[in-house]
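Colleague:
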Amino acid sequence: MAEVRCTVCGRPPVDRYVVSAHGEATCARHPADASCALCGRPRHGGEPGWTRFTSATGRCPTCTRQGVDGQDEARRHIPVVRAEMAALGIRLDRRVRVTLVEPDSINAGSPSLCLGRTVQRLWVGTSQVDVLGIEIARGLTATHFGATVAHEIGHAWLAERGARNLPPPLEEGVCELFSGAWLKRRGTALARRLRRIALDSPDPVYGAGFRMVRDAVVSHGIAAVLDSVCARGRLP
Ligand SMILES: [Zn+2]
Ligand SMILES: [Zn+2]
Ligand SMILES: [Zn+2]
C-alpha cells in the first residue's frame, strides 16, 4: 500500500489527521477555512486547484479533476448508470431525461447539500404523477454523479409504480438503497466510502431511512420490500 501523505505539507501525517472520501489525508494542525463539498477534504487557505461548486461551497483539486461538468460528459455516463440499475432489476418503463443544472438552482434554502432532484407533475384530483425529468448538479465526480442518478431513478421508479405520499424516510430510504446498491456494484474505494457515509448519516430522513429500509431488506428480501412499498406504502 502506498504511503499516505498530507495534502498540505506532503509528509506522512502524524497525530490527528482528516481522511477525505477519496482517502486523502490532511494533518489536523494545518488551519482550514473550508472543506470540499463532495469529499470533505479540508481547504488550507490559498491552496491552488480548488474550484467553485455552489456559491457558498467549493471542490478540492481531486474532485475538480473528476468533475462531470458538461452535458456531453453526462451523456456518456448516463447509459452506463441506467444499464447498471437495470442489472440490479430497476428499470424505468419510460425514459426520463437527465440534465445538468447549476448546483445553486437546487440548493435554495436547503440546510444540507442537495445533489439532484426529480421533477414531477401531480394532477390535482387524480392519482396520476408524471415524472418530467431528473436534474443533477453540475460538477459532481463521476462516482457522486452515478450515485445521485441512481437515487433519482429511485424516485422516478416509485412514481411509475404508483407509490405516492410515502413518509419521507421511507421514500428517501428506498432511493438511498438504490444509490447504495449502485455504489456497492461500482466497487471502488471512493464508492465504498460514500456508501458507508450514507449508511452512517445522522440525517433523520436520509440516514435513518436508508438504515430502516436496509434492515427490512435483510429480514424480508428486496422483492418483498419493494412489493410492499409499492402496493401498501409501507415496509412488510
Ligand atoms: Zn500536513
Ligand atoms: Zn473533494
Ligand atoms: Zn431523494
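Heads up: the sequence shown begins at 142 in the working numbering, then just goes up one per residue.
All C-beta atoms in this analysis are idealised placements derived from N, C-alpha and C, irrespective of residue type, glycine included.
Tell me whether E428 counts as near ligand 3, meaning its Cβ is closer than 7 Å to at least one heavy atom of that ligand.
Modeller: Outside the shown range of the chain, which is 142 to 377, sits residue 428, and nothing can be said about it.
Colleague: According to DSSP, is Q212 part of a helix, a strand, or is it coil?
Modeller: Q212 falls in the helix class under three-state DSSP.
Colleague: Can you tell me which of L340, A372 and G181 puts its alpha carbon nearest to the alpha carbon of P202?
Modeller: The candidate whose alpha carbon is nearest that of P202 is G181.
Colleague: With a CB to CB cut of under 7 Å and the five nearest residues on each side skipped, what residues in its chain are close to C204?
Modeller: Cβ within range, chain order: C177, L179, C180 and T282.
Colleague: Figure out for me which residue from G303, E165 and A297 has the closest Cα to the Cα of F319.
Modeller: When each option's Cα is compared against that of F319, the closest is A297.
Colleague: Pull every residue with its beta-carbon under 5 Å away from any heavy atom of ligand 4, and keep them in chain order.
Modeller: Ligand 4 is not part of this structure, which contains only ligand 1, ligand 2 and ligand 3.
Colleague: Nearer than 7 Å: is that true of the beta carbon of H218 relative to any heavy atom of ligand 3?
Modeller: Flag unset: Cβ of H218 not near ligand 3.
Colleague: Nearest to I277 by alpha carbon, out of I219, G303, R326 and G314?
Modeller: I277 has its Cα closest to that of I219, out of I219, G303, R326 and G314.
Colleague: Considering only heavy atoms of ligand 2, does any lie closer than 7 Å to the CB of T284?
Modeller: The answer is no for T284.
Colleague: Please state if the CB of T284 and the CB of R333 are separated by a distance shorter than 8 Å.
Modeller: It is not a contact, given that the beta carbons lie outside the stated cut-off.
Colleague: When DSSP labels each residue in this structure, what does A178 get in the three-state scheme?
Modeller: If DSSP states are grouped into helix, strand and coil, A178 belongs with coil.
Colleague: Buried or exposed: which applies to V155, given that a residue is buried once 16 or more other Cβ atoms fall within 10 Å of its Cβ?
Modeller: The residue in question, V155, is exposed, as its Cβ has fewer than 16 Cβ neighbours within 10 Å.
Colleague: Report the rounded CA-to-CA distance for D271 versus V149, giving the unit in angstroms.
Modeller: Distance between the alpha carbons of D271 and V149 is about 49 Å.
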